[in-house]
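Per the UniProt record's numbering, the sequence shown runs over residues 1 to 321. For glycine and all other residues, C-beta sits at the position ideal for the given N, C-alpha and C. These numbers were taken from a predicted model, which means no experiment stands behind them. One structure is given here, and the rest of the page talks about it.
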Amino acid sequence: MDKLMNNNKVKLTVVLLGSICSFALYHMKKKINIPQFLFSKKWFSEFSLMWPGQAFSLEIKKIIHQAKSKYQSILVFESTTFGKVLVLDGVIQLTEKDEFAYHEMMTHIPMTVAKEPKNVLIVGGGDGGVIRELCKYKTIENIDICEIDEMVIDVSKTFFKNISLGFDDKRVNVFIEDASKFLENVTNTYDIIIVDSSDPIGPAESLFNQNFYEKVYNALKPNGYCVAQCESIWIHVGTIKSMMGYARKLFKKVEYANISIPTYPCGCIGILCCSKMDTGMSKPNRRLETKEFSDLKYYSYENHSAAFKLPTFVLKDIESV
């Protein structure tokens, strides 16, 4: 009995020490502002100031690549259940298993609403997922992508070939710079702007303010549309309201669409949908029925409109903006 009790005490001590070390490391990282993630031989765990008090973990099959760019840390690993995973500054950007949900909706919502868009800008999006979807449209003449971190593009081309294949399209032009600066002297140019940014911490911080949305508005044509990554309805209502507030000072119609995607915080991510016209983006104007779109896995004519049907608590919050 004494031996059993001693063994239990040892186990408890190990657990407590492990918990204390994890807790201390997490709060140390808060203070010194380095990536909020941990990985052992078997598990990657994601922490962030954007979602305090919770973490998301994936079992690691193999670490494939680790690097540090001018702007952020970059990690690629093979998971046991979600395929290869791209992580920037400790935050999951995509996995091979579920990336299509986000990239399809970010692209096809504005593309099926706009009338014959020919010139499109992607802000961020260095993984190439949005480019891949845009390249399915034969009517598009020009796709500009403004990505601040060239290493993200290089890593995606190397390790995520099925996602980044659109970079080889002749219509794609890559600009390596801060999108806020890129847009300073751009006016009346784009039919659609897709802001495929990371969270408002680090390199993407300049894309979450009134000044940036004024630049986006000016860069769009009179009948233009903008969509932007807009966080989670469960834990980021404050950020969502701020972004909608910026947009509503400029655009005639501002809406929010919700996407289900398991490896993003709380299992979902939102899209801020901004229109220079009164009609908005909640109803598609055409169906994607040609062979170019036969491989769609998430987007559909019906799912387009369904994404704008939000829970009551969200509607109450955003309607007050």
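Annotation: residue 62 to residue 86 spans about 13 Å, alpha carbon to alpha carbon. Taken through DSSP and simplified to helix, strand or coil, residue 249 comes out as coil. Non-local C-beta neighbours of residue 108 in its own chain, meaning closer than 6 Å and more than five positions away in sequence, comprise 299, ordered along the chain.
The three-state reading of DSSP puts residue 262 in coil, since its state is none of H, G, I, E or B.
Taking a cut-off of 8 Å on C-beta distances, the stretch 145-156 does not touch the stretch 242-252, as fewer than three cross pairs fall below it.
Beta-carbon to beta-carbon, residue 124 and residue 195 are separated by about 7 Å, close enough to satisfy the 8 Å threshold. In the structure shown, residue 210 falls within a helical segment according to DSSP collapsed to helix, strand and coil.
A residue is called buried once 16 or more other Cβ atoms fall within 10 Å of its Cβ, and residue 43, having fewer, is exposed. Residue 280 is a Cβ neighbour of residue 253, given a cutoff of 8 Å. Counting along the chain, residue 142 sits inside the beta strand (DSSP E) bounded by residues 142-146. In the structure shown, residue 102 falls within a helical segment according to DSSP collapsed to helix, strand and coil.
Per DSSP, reduced to three states, the secondary structure at residue 173 is strand. Rounded to whole angstroms, residue 46 and residue 270 show a C-alpha spacing of 19 Å.
Residue 196 is bridged by DSSP to 124. The DSSP-derived three-state label of residue 114 is coil.
In the displayed model, residue 294 falls within coil according to three-state DSSP, outside both helix and strand. Close CB contacts of residue 100 within its chain, under the 6 Å cut and outside five residues either way in sequence, are with 297, 298 (chain order). In this structure residue 105 does not touch residue 235 by the C-beta definition: roughly 20 Å separates them, more than the 8 Å allowed. With a 10 Å radius around the Cβ and a threshold of 16 neighbouring Cβ atoms, residue 229 comes out buried. About 6 Å separates the CB atoms of residue 190 and residue 219; that is less than 8 Å, so the two are in contact.
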